[in-house]
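Residue 7 is where the sequence shown starts when you use this note's numbering, and the numbers rise one by one after that.
All C-beta atoms in this analysis are idealised placements derived from N, C-alpha and C, irrespective of residue type, glycine included.
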Amino acid sequence: MSGPQFDLARLQGSRIVSVARLAFGRPDTEFLCFGESDQKSPAAAVGALTAALARGDTLYPDVRGLPALRHALADYLTALHKQPVVESRVMVTASGMAALAVALSAILRHGDRVVLHEPAWPNAGNAARLRGARVEPIALAARQDGSLHLDLDALDRALAGARVFILNSPNNPTGWTATEEELRQILALCRRHGCWLLSDEVYSRLVYDGRDAAPSILDVAEPDDRVIVANSFSKTWVMTGWRLGWLIVPEGVRDDLSELIEVTHSGVAPFIQHAGLAAVADHVTPPHFRQHCAEGRRIAAEILGKVPGIRYASPDGAFYAFLQVEGLTDSLSLAERLVTDHGVAIAPGIAFGESGEGWLRVCFAVAPDRLTRALDRLAAGLKAFRATA
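Structural data, given as structure tokens:
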């Protein structure tokens, strides 16, 4: 039984889910609306999980994470970034979203102001709203070629009196990726305004300029900065359904914050953590998956670049094509029409905030033949929309 008589917290329904539900009823639909690939998780992770189950490793874990996994993540991040990360700053969580939820529980109090840049993955802002915070977005600014950037002057103004700035670089949905110099300036602004910086870096290994990882706040921040970094196994190791992530917190607070994990999800299943330990030791999957996404990025540029009325710049990071459609004022309706009339499901830009209206997000982390077929359908649908707009 449900209805307005029940005083329960509610959030606006996901526009991506509404498109997906429509598509689920049409078996021939090509799905490019979700943020995941069609590639398989690493065999080593699968083997480690089944071995852990076979030996009965199913009891309650240390809520901070298995010691071996905490040490492995510290070593992994120290090798990847410019500043060392010690094990005492690592917390293992049940997904990247759980990492953000725990971090926001630690930081926020009712009525606090949260600043984030849009277009933005909606879950982070909604998690802040559920904790009684006021979320104030600042729009990424668009250049003439369709690329986006963060206006640091606008950020400076927005951070006055704010409790936390949520940064997501590389960014979902736009692919915008902050440079190291931009990160230094963002950190300096947060220090000056005395606000926390919560950095969502789940796409950190998906960059296309020859680097092994995107610039990270871990490259520039000190262990005692008011900085928390959230990450996940989902994108780097193609493990979206495993629900395994981590947090890097300031030195000296990890064990106290572990109580928040206790009351949020009581730790991560040990057999899942053993899979994560095997994944961290797998140095082949991250560059292989990045190359897979790079091919998808190339195909997206080739096909979408030929569609008139589209403004699109290949992203610096993540695995999405984010394209602006001339004359588009209702991206949800167009996304639904693309499903019903053209058999392709994409994410409407409005799903990522008001500044995303007029845009569409397309996941290109899928097999080339499937991606080509789906993008051909999308191109046909966009041409049909433009002919009637």
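Beta-bridge partners of proline 48, as assigned by DSSP
Per DSSP, none; premise fails for proline 48.
Please check the pair glycine 349 and valine 331, which I expect to be a contact at CB under 8 Å, by giving their CB distance rounded to whole angstroms.
Contact flag wrong, Cβ pair sits at about 18 Å.
Indicate, with yes or no, if the ligand ZN has a heavy atom lying under 6 Å from the CB of phenylalanine 12.
The ligand ZN is not part of the structure shown, which contains no ligands of any sort.
Three-state class that DSSP yields for methionine 7 in the structure shown
For methionine 7, the pLDDT reaches just 47, beneath the cut-off of 50, and the residue's location in the model is therefore unreliable, leaving the point undetermined.
Assigned exposure category for aspartate 262 - 16 Cβ within 10 Å defines buried:
exposed
Methionine 7 versus alanine 15: straight-line alpha-carbon distance, rounded
The predicted position of methionine 7 is uncertain, since its pLDDT is 47 and thus under 50; a value taken from the coordinates is nonetheless stated next. Taking the straight line joining both Cα atoms gives about 15 Å.
Outcome for valine 23 when other beta-carbon atoms lying within 10 angstroms are tallied against a minimum of 16
exposed
Name the two residues that bound the continuous beta strand (DSSP E) containing histidine 87.
Counting along the chain, histidine 87 falls outside any beta strand (DSSP E), and DSSP gives it neither H nor E.
Only counting the same chain, and skipping five residues up and downstream in sequence, which positions put a Cβ closer than 6 Å to that of proline 229?
Glu257
Identify which residue in Trp182, Ala148, Val213 and Val120 has its Cα closest to the Cα of arginine 169.
Val120
What first and last residue would you give for the beta strand (DSSP E) that runs through isoleucine 234?
233-238
Rounded to whole angstroms, what's the CA-CA distance from alanine 184 to lysine 88? Just pull it up for me.
16 Å
Going straight from the alpha carbon of alanine 357 to that of alanine 49, what length do you get?
34 Å
Which same chain residues, not among the five before or five after arginine 379, have their C-beta less than 7 Å away from its C-beta?
Glu36
Nonlocal neighbours in the same chain, by C-beta distance under 8 Å from valine 345, ignoring five residues either side
Val25, Leu28, Ala29, Arg32, Thr35 and Ala351
Nearest-angstrom Cα distance between arginine 149 and histidine 289?
36 Å
Here's the rule: buried if 16 or more other CB atoms are within 10 angstroms of the residue's CB, otherwise exposed. What is glutamate 207?
buried
So leucine 146 and leucine 156 are supposed to be a Cβ contact under 8 Å. How far apart are they, rounded?
6 Å
Identify every run of the alpha helix (DSSP H) within the region 295-348, keeping only runs that are complete inside it and at least 4 residues long; order them along the chain.
337-348
Start and end residues, beta strand (DSSP E) containing arginine 140
140-145
Rounded to a whole number of angstroms, what is the C-alpha to C-alpha distance between glycine 71 and valine 98?
5 Å
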